[in-house]
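Read the structure below first, then the notes.
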């Protein structure tokens with residue numbers, strides 16, 4: 143019976159499933175954090191105003207061209223292809239026996255960085271130009287404006303898509319099995335091959351993936367709500383008072399009386 147096989151697989155190989163799930167979370171978490179930093183740097187550089195003339199204009203054009211190629215290549219190709227090219231390309235052209243975990247972190251990080259760069263750039267562009275003009279009017283240069291005025295707003299606004307990237311990376315780490323990284327998909331494939339029970343093994347893996355993604359999603363939503371703060375306010379004596387939905391209903395009931 144299928145359920146008997148599931149119970150047998152779980153009882154015999156639960157440590158392997160847990161190690162695979164832990165490796166998946168590790169790669170996704172570190173890759174998302176590093177990718178977030180890469181995206182911030184690339185996104186900020188790509189929004190630097192272009193000088194009208196001089197060597198700075200030439201340098202900035204070259205840098206923007208390189209960053210554009212990086213973004214287009216890593217957004218336009220599958221992560222599985224990137225993993226194969228980076229891992230086996232390093233061995234072929236650089237004679238480098240790259241550690242598989244390092245290769246996995248590198249691939250996920252630069253892939254995430256390409257997506258985050260566009261998210262950051264969009265966040266910066268969405269900031270009202272009046273804020274840039276006001277900052278420049280009080281003597282701030284471009285970098286001071288970015289650090290003190292723009293980036294705090296951008297980082298808050300891009301937290302939801304950053305969380306989405308983390309959830310996507312949890313699922314996309316499965317493609318790293320192509321370079322034999324022992325994440326959850328690779329571990330599941332090994333277990334399934336031992337018993338030739340692919341449905342049962344991958345059903346268990348699917349449940350684990352679902353638990354991880356749902357847990358991360360709930361945690362991220364909780365963090366977003368905490369950062370947003372209360373949604374309803376009233377002003378009393380020049381002080382902002384929090385008004386919860388329960389207070390609103392209670393006050394409305396008293397008014398109706």
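Residue numbers (the working numbering): 143 to 399.
Just so you know, even glycine gets a beta-carbon here, dropped at the ideal spot from N, CA and C.
**Q.** Cβ neighbours of residue 275 in the same chain (closer than 8 Å, five flanking residues each side left out)
**A.** As a working note, residue 275 is residue 133 in the chain shown. Result list for residue 275: empty, nothing under 8 Å.
Q) In three-state terms, what does DSSP make of residue 203? A) On the chain shown, position 61 is the one that residue 203 refers to. In this structure, residue 203 counts as helix in the three-state DSSP scheme.
Q. In or out: residue 273 buried (at least 16 other Cβ within 10 Å) or exposed?
A. Stepping through the chain shown from its first residue, residue 273 is reached at position 131. Under this definition residue 273 is an exposed residue.
Q. For residue 316, which of 277, 232, 271 and 220 has the nearest alpha-carbon?
A. Locating residue 316 in the chain shown gives position 174, where the first residue counts as 1. The option with the nearest alpha carbon to residue 316 is 220.
(Q) Am I right that residue 173 and residue 247 are in contact with their C-beta atoms under 8 Å? What's the rounded C-beta distance? (A) Numbered from 1 along the chain shown, position 31 holds the residue referred to as residue 173. Numbered from 1 along the chain shown, position 105 holds the residue referred to as residue 247. The pair is a contact, with the Cβ atoms about 6 Å apart (cut-off 8 Å).
Q: Put residue 335 into one of helix, strand or coil per three-state DSSP.
A: For the purposes of this step, residue 335 is taken as residue 193 along the chain shown, with counting starting at 1. Three-state DSSP puts residue 335 in a helix.
Q. Rounded to a whole number of angstroms, what is the C-alpha to C-alpha distance between residue 242 and residue 323?
A. The sequence position of residue 242 within the chain shown is 100, counting from 1. The sequence position of residue 323 within the chain shown is 181, counting from 1. Roughly 6 Å separates the two Cα atoms.
Q) When the Cβ atoms of the segment 294-305 are set against those of the segment 198-208, are three or more pairs found closer than 8 Å? A) no
**Q.** Separation of residue 238 from residue 181, as counted between CA atoms
**A.** Sequence index remark: in the chain shown, residue 181 carries index 39 (1-based). Sequence index remark: in the chain shown, residue 238 carries index 96 (1-based). Looking at the two C-alpha atoms, the distance is approximately 27 Å.
**Q.** Reference residue 145, options 321, 331 and 343, closest by Cα
**A.** Position 3 of the chain shown holds residue 145. For the residues 321, 331 and 343, the minimum Cα distance to residue 145 belongs to 343.
**Q.** Assumed close pair residue 346, residue 148 - CB separation to whole angstroms, cut-off 8 Å
**A.** Sequence index remark: in the chain shown, residue 346 carries index 204 (1-based). Sequence index remark: in the chain shown, residue 148 carries index 6 (1-based). Indeed they touch by this definition, with Cβ atoms about 6 Å apart.
(Q) Taking only three categories from DSSP, how would you classify residue 261? (A) Along the chain shown, one-based indexing puts residue 261 at 119. In this structure, residue 261 counts as helix in the three-state DSSP scheme.
Q: Please name the residue in 300, 359, 364 and 366 whose C-alpha comes closest to that of residue 258.
A: Taking the first residue of the chain shown as position 1, residue 258 is located at position 116. Closest option to residue 258, Cα to Cα, is 300.
Q. In terms of residue numbering, what span does the alpha helix (DSSP H) encompassing residue 174 cover?
A. The sequence position of residue 174 within the chain shown is 32, counting from 1. Run containing residue 174: 144-187, per the alpha helix (DSSP H) assignment.
Q.
Could you tell me the alpha carbon to alpha carbon distance between residue 385 and residue 286, rounded to whole angstroms?
A. Position 243 of the chain shown, counted from the first residue, corresponds to residue 385. Position 144 of the chain shown, counted from the first residue, corresponds to residue 286. Below a pLDDT of 50, predicted positions are generally treated as unreliable, and residue 385, at 49, falls in that range; the measurement from the model is reported next regardless. Residue 385 and residue 286: Cα-Cα distance of roughly 37 Å.
Q.
Let's test the definition: count the other Cβ atoms within 10 Å of the Cβ of residue 266 and tell me whether it reaches 16, buried, or not, exposed.
A. For this step, residue 266 is matched to residue 124 along the chain shown. Its Cβ being crowded by 16 or more others within 10 Å, residue 266 is buried.
Q. Taking DSSP as the reference, what is the three-state secondary structure of residue 314?
A. For the purposes of this step, residue 314 is identified with residue 172 of the chain shown, where counting begins at 1. Helix, per DSSP.
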